[in-house]
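To start, the structure under review is shown below, and the notes come after it.
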Amino acid sequence: MRGSYEKKRHPLKKLLLIIGGIVGLLFAALLIFICIKAMSLSGAIHHPLDRDKSSLRDNKVDINKSQPISIALFGVDSNTTRDAQGAGERSDSIMILSINPQTKTTEMISIPRDTQAEIVGNNTTEKINHAYAYGGPKMAIESVEKLMNVPIDHYASVDMDGLKETIDALDGVDVVSNATFNVKGTQFNQGEKVHLNGEEAMNFIRSRKEDGSGGDFGRQQRQQIVLQGLASKLTDVKSITRLNTIIEQLEKNVETDLTLGQLNTIIKNYKHADETVNKHQLEGSGSVQDDGVYYFVPDENQKSELTRAYRENLNI
Numbered sequence: 452m453r454g455s456y457e458k459k460r461h462p463l464k465k466l467l468l469i470i471g472g473i474v475g476l477l478f479a480a481l482l483i484f485i486c487i488k489a490m491s492l493s494g495a496i497h498h499p500l501d502r503d504k505s506s507l508r509d510n511k512v513d514i515n516k517s518q519p520i521s522i523a524l525f526g527v528d529s530n531t532t533r534d535a536q537g538a539g540e541r542s543d544s545i546m547i548l549s550i551n552p553q554t555k556t557t558e559m560i561s562i563p564r565d566t567q568a569e570i571v572g573n574n575t576t577e578k579i580n581h582a583y584a585y586g587g588p589k590m591a592i593e594s595v596e597k598l599m600n601v602p603i604d605h606y607a608s609v610d611m612d613g614l615k616e617t618i619d620a621l622d623g624v625d626v627v628s629n630a631t632f633n634v635k636g637t638q639f640n641q642g643e644k645v646h647l648n649g650e651e652a653m654n655f656i657r658s659r660k661e662d663g664s665g666g667d668f669g670r671q672q673r674q675q676i677v678l679q680g681l682a683s684k685l686t687d688v689k690s691i692t693r694l695n696t697i698i699e700q701l702e703k704n705v706e707t708d709l710t711l712g713q714l715n716t717i718i719k720n721y722k723h724a725d726e727t728v729n730k731h732q733l734e735g736s737g738s739v740q741d742d743g744v745y746y747f748v749p750d751e752n753q754k755s756e757l758t759r760a761y762r763e764n765l766n767i
C-alpha cells in the first residue's frame, strides 16, 4: 500500500520539479534582462563632467559614507529650430537640492529661468537658462554655483519634451495641485490629489498665464510637485512590469554624471532624506533692462538666507 502511494505521488513531485525549474529559468532570464538593460541604460545616460569636484568643496563628497550631497536638476527644452541652428538646449527649469541623510532633510530651491546671472565661462551677464545652451551642464552648474554660492556635486538633466512619454510609460503620475485653475479643459483644485497622464502633467507644469495658476512662481512649484511624483513612481516596485519601456524613455530623455552604481548607492544611502523636504523659490522682481530684455532680479537678502540654509544642510 505504501509503495503504491509513493508511485502515485512521484508524477506530482516530478511535475513540481519541472515547474520549479521553469520558474527558476524565467527568474534567471529576468535577472539577465534587467542586468543587460541596466548596463545599456548606464552607458546611455552617463555623461561625466570635466571636473573632479566643485571648486567650493575642500573635499569630494563620499556617497558611500552617506555624506550630505548637492544635486542640480535641469529640465531642458530642446527646440527643433535651435537644434537645426546648433544652438543647444536651454534649461527650462532649474532646481538644486541639498540632501542630508543624517538629518533626513532635503532643501530644494527653484531658480527662475529668467534670472539675471553671470554666465561663468562666457564672460556675460544674462538669463541663467542660457548657460546650458552655451556650455551644457558644466557651464550651467558653475553659473548656478556662482549665483547661489553653493557647491553642486552632481547633476541630472531631463528633456522636458520627452517627459510626457516617460510619464505615460509609468502609467501616469499622482500630484496634489498647488492652485485652483483650468488649463485646456482640465480643472485643478488647490489641495486636491489627481492622477495625470503625460499630456495632462505637461499642461500642469507649463501653466503660468491661466487665471489662478500663480504665474512663474506657481509653475516652479508645479515642476517640483511633478518631479517628486515622478521620482516616487520610478522607485515604486510596481513599475518593474514596465521596466523595458521605462528604460527606453530614460535612455532618450535623461542624462547625468552619476553612474548606475552611484545612483543605486544614493537610492540606498539617502532614501530617508526626503522625510522633510523644504521647498523654496528664489524671490525677487522682474523688469525690462536697458537691452530691452526681461530679467528676473533676485532679492539679495532672501537669496542669502536660502544659501545659508542650503549650505547648513550640507554641513558646510
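The numbering of the sequence shown is this note's numbering, which starts it at 452 and goes up by one.
Even for Gly, the Cβ is constructed at its ideal location relative to N, Cα and C.
- Counting the other Cβ atoms within 10 Å of the Cβ of Q732 gives 16 or more, which makes it buried.
- Per DSSP, the continuous beta strand (DSSP E) segment holding G735 begins and ends at G735 to V739.
- About 6 angstroms separates the beta carbons of V601 and S521, which is inside the 8 angstroms limit, making them a contact pair.
- Taking 8 angstroms as the cut-off, the beta carbon of T758 is found no closer than this to the beta carbon of H497.
- Per DSSP, reduced to three states, the secondary structure at L524 is strand.
- Taking the Cα positions, T556 is about 11 angstroms away from A760.
- The C-beta separation of P552 from Y721 comes to about 5 angstroms, placing the pair in contact by the 8 angstroms criterion.
- By the criterion of a C-beta distance shorter than 8 angstroms, E661 is surrounded in its chain by F632, N633 and V634, once the five residues flanking it on both sides are discounted.
- If you check the CB distance, K684 and V609 do not come in under 8 angstroms.
- Counted as a single uninterrupted DSSP element, the beta strand (DSSP E) harbouring A607 occupies residues H605 to D610.
- Per DSSP, Y583 is one residue of the alpha helix (DSSP H) stretching across H581 to M599.
- Note on V744: under 16 other CB atoms within 10 angstroms of its CB, so exposed under the neighbour-count rule.
- In this model, E734 and A568 are separated by some 14 angstroms (Cα to Cα).
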